[in-house]
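Engineer:
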Amino acid sequence: MQTPPDHAYPTHWEADVVLRDGGTARIRPITPADAERLVSFYEQVSDESKYYRFFAPYPRLSDRDVHRFTHHDYVDRVGLAATVGGEFIATVRYDRIDERGLPAKRPEDDQAEVAFLVQDAHQGRGVASALLEHIAAVARERGIRRFAAEVLPANTKMIKVFTDAGYTQKRTFEDGVVRLEFDLEPTEQSMAVMRGREQRAEARSVQRLLAPGSIAVIGTGRAPGGIGRTALRNILDAGFTGRVHAVNHAFPEDLRRLEPEGVPAARSVREIPDPVDLAVIAVPPAGVPDVVRDCGEHGVQGVLVLSSGYAEAGPDGRERQRDLLRQARSYGMRLIGPNAFGLINTTPDVRLNASLAPRMPGAGRIGLFTQSGAIGIALLSGLHARGPGDGGIAGISTFVSAGNRADVSGNDLLQFWYDDPHTDVAILYLESIGNPRKFARLARRTAAVKPVVVAKGGRHHGTAPLGHAVPTVRVPDSTVAALMRQAGVIRVDTVTELIDAGLVLASQPLPAGPRVAILGNSESLALLAYDACLTEGLRPQRPRVLPSAATPDDFRAALAEALAGPGCDAVVVTAIPWVAEEDAAAPGESEGTALADALRAAAAADPGKPVTVVHLAMDDLAETLAAPPEPYDPHAPREPAAPPQSSAPEAQAGPVTPPRPPHPPRPPAPAPAPDRAPAPDAPARPRPVRIPAYPAAERAVRALAEAVRYAAWRRAATEPGRVPAYDDIQEAAAGADIEQLLDRLTTDVAPGRSVALPPADAEALLARYGIHSRPTLPAPDPDAAVRAAARLGYPVALKTTAPHLRHRADLGGVRLDIAGEAELRRTYAELTDFLGSPEELRPVVQAMVPRGVDTIVRAAIDPAAGAVLSFGLAGAPSQLLGDIAHRLIPATDREVNEQIRSIRSAPLLFGWRGSQPVDTAALEELLLRVSRLVDDHPEVVAVDLEPVVVAQHGLAVLGASVRLARPPATTDLGPRRLPVY
52 MQTPPDHAYP THWEADVVLR DGGTARIRPI TPADAERLVS FYEQVSDESK
102 YYRFFAPYPR LSDRDVHRFT HHDYVDRVGL AATVGGEFIA TVRYDRIDER
152 GLPAKRPEDD QAEVAFLVQD AHQGRGVASA LLEHIAAVAR ERGIRRFAAE
202 VLPANTKMIK VFTDAGYTQK RTFEDGVVRL EFDLEPTEQS MAVMRGREQR
252 AEARSVQRLL APGSIAVIGT GRAPGGIGRT ALRNILDAGF TGRVHAVNHA
302 FPEDLRRLEP EGVPAARSVR EIPDPVDLAV IAVPPAGVPD VVRDCGEHGV
352 QGVLVLSSGY AEAGPDGRER QRDLLRQARS YGMRLIGPNA FGLINTTPDV
402 RLNASLAPRM PGAGRIGLFT QSGAIGIALL SGLHARGPGD GGIAGISTFV
452 SAGNRADVSG NDLLQFWYDD PHTDVAILYL ESIGNPRKFA RLARRTAAVK
502 PVVVAKGGRH HGTAPLGHAV PTVRVPDSTV AALMRQAGVI RVDTVTELID
552 AGLVLASQPL PAGPRVAILG NSESLALLAY DACLTEGLRP QRPRVLPSAA
602 TPDDFRAALA EALAGPGCDA VVVTAIPWVA EEDAAAPGES EGTALADALR
652 AAAAADPGKP VTVVHLAMDD LAETLAAPPE PYDPHAPREP AAPPQSSAPE
702 AQAGPVTPPR PPHPPRPPAP APAPDRAPAP DAPARPRPVR IPAYPAAERA
752 VRALAEAVRY AAWRRAATEP GRVPAYDDIQ EAAAGADIEQ LLDRLTTDVA
802 PGRSVALPPA DAEALLARYG IHSRPTLPAP DPDAAVRAAA RLGYPVALKT
852 TAPHLRHRAD LGGVRLDIAG EAELRRTYAE LTDFLGSPEE LRPVVQAMVP
902 RGVDTIVRAA IDPAAGAVLS FGLAGAPSQL LGDIAHRLIP ATDREVNEQI
952 RSIRSAPLLF GWRGSQPVDT AALEELLLRV SRLVDDHPEV VAVDLEPVVV
1002 AQHGLAVLGA SVRLARPPAT TDLGPRRLPV Y
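All letters in the sequence shown, in the order written, are residues 52 to 1032 by my numbering.
#1: Please classify Pro718 as buried or exposed, where buried requires at least 16 neighbouring CB atoms within 10 angstroms.
#2: With DSSP run on the structure shown, which of helix, strand or coil describes Arg1027?
#3: Report yes if the CB atom of Arg318 is closer than 8 Å to the CB atom of Asn299, and no otherwise.
#4: Is the separation between the beta-carbon of Ser241 and that of Ala216 shorter than 8 Å?
#5: What first and last residue would you give for the beta strand (DSSP E) that runs through Ser573?
#6: Could you spell out where the beta strand (DSSP E) holding Ala647 opens and where it closes?
#7: To the nearest angstrom, report how far apart Glu674 and Val774 are at their CA atoms.
#8: Name the one or two DSSP bridge partners that Val503 has.
#9: Measuring alpha carbon to alpha carbon, tell me which residue in Ala678, Glu790, Leu816 is nearest Ala436.
#10: Ignoring anything shorter than 4 residues or poking outside the segment 925 to 987, list the alpha helix (DSSP H) runs there in chain order.
#11: From the DSSP output, in three-state form, read off Glu87 for me.
#12: Buried or exposed, going by whether 16 or more other CB atoms sit within 10 Å of the CB of Trp963?
#13: Quick one: any contact between the segment 960 to 979 and the segment 934 to 945, if contact means 3 or more CB pairs under 8 Å?
#14: Starting from the C-beta of Ala252, find all residues in its chain whose C-beta is less than 7 Å away, skip the five residues before and the five after it, and write them out in chain order.
#15: Under the DSSP definition of a beta bridge, which residues are partnered with Lys208?
#16: Tell me the DSSP secondary structure of Gln559 in three-state form.
#17: With 8 Å as the threshold, decide whether the Cβ of Leu597 is near any Cβ in chain D.
#18: Output needed for Glu110: all residues of its chain with C-beta closer than 8 Å, excluding positions within five of it in sequence on either side, in chain order.
#19: Can you tell me where the beta strand (DSSP E) with Arg273 in it begins and where it stops?
#20: Are Gly194 and Asp161 close, meaning C-beta to C-beta below 8 Å?
#21: Using 8 Å as the cut-off, can you tell me whether the segment 357 to 365 makes contact with the segment 330 to 344, which would need three or more C-beta pairs spanning the two stretches below that distance?
#22: Under the rule that 16 or more other beta-carbon atoms within 10 Å means buried, what is Glu757, buried or exposed?
#23: Does the Cβ of Glu790 have 16 or more other Cβ atoms within 10 Å, making it buried, or fewer, making it exposed?
#24: Assign Gln170 to buried or exposed, taking buried as 16 or more other Cβ atoms, counted over all protein chains shown, within 10 Å of its Cβ.
#25: If you drop the 5 nearest sequence neighbours on each side, which residues of the same chain put their C-beta closer than 6 Å to that of Pro1026?
#26: Quick one: residues in its chain with C-beta nearer than 8 Å to the C-beta of Ala784, no 5 flanking neighbours on either side, listed in chain order?
#27: Alpha carbon to alpha carbon, how far is Arg938 from Ser956?
#28: Please work out which residues of its chain come closer than 7 Å, Cβ to Cβ, to Glu997, disregarding the five sequence neighbours upstream and downstream, and give them in chain order.
#29: Helix, strand or coil: how does DSSP classify Asp995 here?
#30: With 16 as the cutoff for other CB atoms within 10 Å, does Pro1101 come out buried or exposed?
#31: Helix or strand or just coil, what does DSSP make of Phe106?
#32: Taking only the alpha-carbon atoms, compute the straight-line gap between Ala498 and Gln537 and give it to the nearest angstrom.
#33: Where does Gln95 sit, in a helix, a strand or coil, going by DSSP?
#34: Could you tell me which residues DSSP puts in a beta bridge with Val904?
#35: Count the other CB atoms within 10 Å of the CB of Glu587; is the residue buried (16 or more) or exposed (fewer)?
#36: For Lys850, name the three-state secondary structure that DSSP assigns.
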């Protein structure tokens, strides 16, 4: 039984969570000040629920009950409450017990009895499931390993809460009571259950914002103009299908309808007789708290705050933003903004433009998220220019520009788009990532079913916008980019590249490989495309150059032949205005339209391969290719998809492969919420033939190359690799060692700071995971060096360990292949004469190992990127050129195999210029063992192995260091919670 020196209120247990219906609740520890709230809550619980909780009629709580349920030591007795609007809607508590079910008396008692009570009006919202996740995490933190619960058989809802949680459990029935016992150690199933609930809840919360049944625009000006009146006008002009109300406290008391819009008017949202789902707030910051309070008390589901003057305005504004977020969440509302540009939903049954964009975008299959209003305008304008109108190539499904993103972020949109049937491509412009670990997890899952394209602004230290509170990033942007690629994210640099990549991914099937056919009526333009393909790592065929007078029929025949050939996976068509021969009819103004029709006809005949077009001075060609070929419903059911088959050499000589549908099948996903279920069975229609056109060959090829790389990642993701289980790993013993080391080394260390392990302790900890470093013996003087060499055996190496000389053989701080005592004494003298005294150099002696390639293996916990595994060659390649490959931890065998081959200097490992290849299998195993160590023990915040000499057979770790720190109270692996920025 644990008893802390004081019973400090554990603030880190507080959390905001999204419930099953998309609303939010706050979970926090119960305190003595909650006595009145507890009594009020209990009075609102039905007699049946009270009976299920206490197994007998229990109409009211006694004073003793209230004291017991509100006074906790936060160790052996803990109570948590879920609150909305400051009032309890559910409670959960545990009491530590011994093996007989009595209050625990011994420190080793690791079981607790748990009990819930949920207000009837909030049952079915997933409150108990969320509370179970959090009380289980609290119990694990306090050393409790098992929960026991006694439930009446008729209380099927509560039994389901326990049985559906995914924990390993045991169930018995005795004396008319069901007794459930379950281990609290997270399992693969419990994590999957938690992630599935998180996705459905957060997707539902976004869906409530994007598809409201009614909207109140609060701050609508009495005269035309202004943000509020503009937002109202845009909502009405888009044809919103729900109800709209104009709200302004300055409206005359007798005003019932705002003209000329003709919408109902009210002085406060409380005066609106009907429910309001979304409030669009455009009032000065000083008036926002009163407005949010009115919205919360009226039952509004979400707020979109267009008002500025928050965190982007300085410290006072940042505090206003925190207060705004706390207030909105206290009422169970999600918040977009503040300083937001707005949101758009083009689906026919919604038609919502609650933004400052004056024009409703065309409906399509692209989902957009931006943090910047200016970038949002640029993206919407750029897409409109590339394909205006419903069903065009650049149509969007949904758009959110979140401004300071105090609450709703890109992570929430990824949750929504994951199984949104109206979105095929997710495009995000991010200036900061508030929860990078969660972003990587969600992006990887979403990318497995649809492309995720990201442009990241503020890529350098100190460049994040003032309105965004984000963790400090220690790793360079190149590392973040590499980790995004590992997660399947298509990382681009500019807004133009966002649009270019989005168009080809939204309109074309995924290529089956990197082979590209090039054809066109300009040799120069075709050669530019050829060079661009080589630059992007594609495999272009020799361009097929048509005559300058080639007609649309010539283009159609050439494209059909290229698509039908087994030797290409994609086609780039280049076109310039053609010149007619003497006897041929001169091309008219519609030459681009005719060529577009011809290219579409050829692409429609073989829809399994992507086609892109590069044009010069043929704007009508681009416009016609981007437009839908017929009246088109962009939200109609799509053809079932099958995965593109990987291109193989033997396929080039075989028969023509059958057409491949556009996208690989989606893996099993959590069932959508009832109101987001797929449309009933309807005749599926093929993807309309729309072909992206680009004014430059480099842009077309770069976009196509991103599609090729993404398709390869998708194919590889179907076999993601595994994290090997090595029999010699001593995980439990390592955990015990780490706990003892932390107790010993962190007594005078500030919380959150790490400590370096002494060399002997680092070597012992690494040995628990089968990582053995070669011993080094100190050599403070020549005699000590000689004794050390005799103990280790000649030949030996003499090395300095001073920080400024460590791993610097180029400065003379490392002397190798010392064969005997005389040579050792001479070398020692030279070292100290040239570089400094022994006290300064701190020399050591180490036995020589077989020659090989010097490498580095590192693992570190970055507050922004998470746990990262790094690999490179020691010396100039990594230090001077930054040639280091990174992977997220836990890394799989497939990922480390790719990691060591992804660095530019990798040929040195595989027999470059006649050298012997080294043992890369041993290197991969070392990387996997380091990954396991850091993944199993979050206290291990850094591991540095340098150098690791990889020989033809085996490897040797010549230097090792480890840093430990107390793990943070909460991580992305803990119970689901909304972030606080």
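Each residue gets a CB set at the ideal place from its N, CA and C atoms; glycine is no exception.
Structural biologist: According to the structure data:
#1: Legend: pLDDT at Pro718 = 34, less than 50; position of this residue unreliable, no value from coordinates given.
#2: coil
#3: yes
#4: yes
#5: No beta strand (DSSP E) holds Ser573; DSSP gives it neither H nor E.
#6: No beta strand (DSSP E) contains Ala647, which is instead part of the alpha helix (DSSP H) from 642 to 656.
#7: 49 Å
#8: Ala477
#9: Ala678
#10: 927 to 930, 944 to 953, 971 to 987
#11: helix
#12: exposed
#13: yes
#14: Val69, Leu70, Arg71, Gly73, Gly177
#15: Bridge partners of Lys208: none, in fact.
#16: coil
#17: Annotation note: the requested chain D is absent from the structure, which comprises a single protein chain.
#18: Correcting the residue identity first, residue 110 is Pro in this sequence and not Glu. Excluding residues within five positions, the ones whose Cβ falls inside 8 Å are Asp98, Lys101.
#19: Element bounds for Arg273: n/a, residue is neither H nor E.
#20: yes
#21: yes
#22: buried
#23: exposed
#24: buried
#25: Glu184, His185, Ala188
#26: Arg819
#27: 17 Å
#28: His858, Ile907, Ala925, Gly1010
#29: strand
#30: Any question about residue 1101 goes unanswered here, given that the chain covers just 52 to 1032.
#31: coil
#32: 11 Å
#33: coil
#34: Val1001
#35: buried
#36: strand
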